[in-house]
Amino acid sequence: MGIQPLHDWALIEPSEAKGKTTGGLFIPDTAKEKPVEGMVLAVGKGRWETPEEKSGSKPKKKQEKEEKIFRPTVLKAGDRVLYEKYRTTEVELDDKELVLVRESDVLGLLG
Numbered sequence: 004m005g006i007q008p009l010h011d012w013a014l015i016e017p018s019e020a021k022g023k024t025t026g027g028l029f030i031p032d033t034a035k036e037k038p039v040e041g042m043v044l045a046v047g048k049g050r051w052e053t054p055e056e057k058s059g060s061k062p063k064k065k066q067e068k069e070e071k072i073f074r075p076t077v078l079k080a081g082d083r084v085l086y087e088k089y090r091t092t093e094v095e096l097d098d099k100e101l102v103l104v105r106e107s108d109v110l111g112l113l114g
């Protein structure tokens with residue numbers, strides 16, 4: 004593995020979009036949507052956030068010291084996930100097309 008994600012980023016191998024409908028019709032590559040399902044290959048340890056980032060309240064004045072809270076990631080390598088298809092960063096590693104996704108853009112774990 005040549006990439007170790009930092010913070011709350013996850014490296015995901017997208018699943019291939021199906022090339023055939025349930026009725027047996029073939030879908031050309033140009034008509035397939037980008038995949039929204041994939042396998043987590045690696046994940047960062049988590050991110051530091053201020054209470055304001057979590058709650059959405061106004062930031063404190065600069066003179067006041069901001070307390071930060073560490074939020075560890077929930078995802079782990081091997082998880083199958085659904086993620087926001089347009090909120091990714093595409094990367095190529097060992098001739099594979101992979102995506103980097105923030106954990107907050109992952110919609111859920113697949114069973």
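For any residue, its number in my numbering is found by taking its place in the sequence shown, counting from 1, and adding 3.
Glycine included, every Cβ here is placed at the ideal spot set by N, Cα and C.
In this text the structure is predicted, and so the values were computed from the model without any measurement.
Cα-Cα separation, residue i to residue j
i, j, result
"leucine 85", "isoleucine 6", "21 angstroms"
"valine 104", "threonine 91", "5 angstroms"
"glutamate 70", "leucine 78", "25 angstroms"
"glutamate 19", "arginine 50", "30 angstroms"
"arginine 83", "glutamate 106", "13 angstroms"
"glutamate 40", "aspartate 98", "20 angstroms"
"isoleucine 156", "tyrosine 89", "Nothing about residue 156 can be reported from this structure: the residues present for the chain run from 4 to 114 only."
"glycine 114", "proline 54", "32 angstroms"
"lysine 68", "alanine 45", "33 angstroms"
Cβ neighbour criterion (16 or more within 10 Å) applied to residue i
i, result
"alanine 13", "buried"
"aspartate 11", "buried"
"proline 75", "exposed"
"isoleucine 15", "buried"
"glycine 111", "exposed"
"glutamate 87", "exposed"
CB contact flag (residue i, residue j, <7 angstroms)
i, j, result
"alanine 80", "valine 109", "no"
"glycine 47", "proline 8", "yes"
"glutamate 93", "valine 102", "yes"
For residue i, three-class secondary structure by DSSP
i, result
"glutamate 100", "strand"
"glutamate 19", "coil"
"proline 54", "helix"
"arginine 74", "strand"
"glutamate 93", "strand"
"proline 38", "Its pLDDT being 49, under 50, proline 38 is placed unreliably by the model, and the measurement read from it follows with that caveat. Note: proline 38 maps to coil in three-state DSSP."
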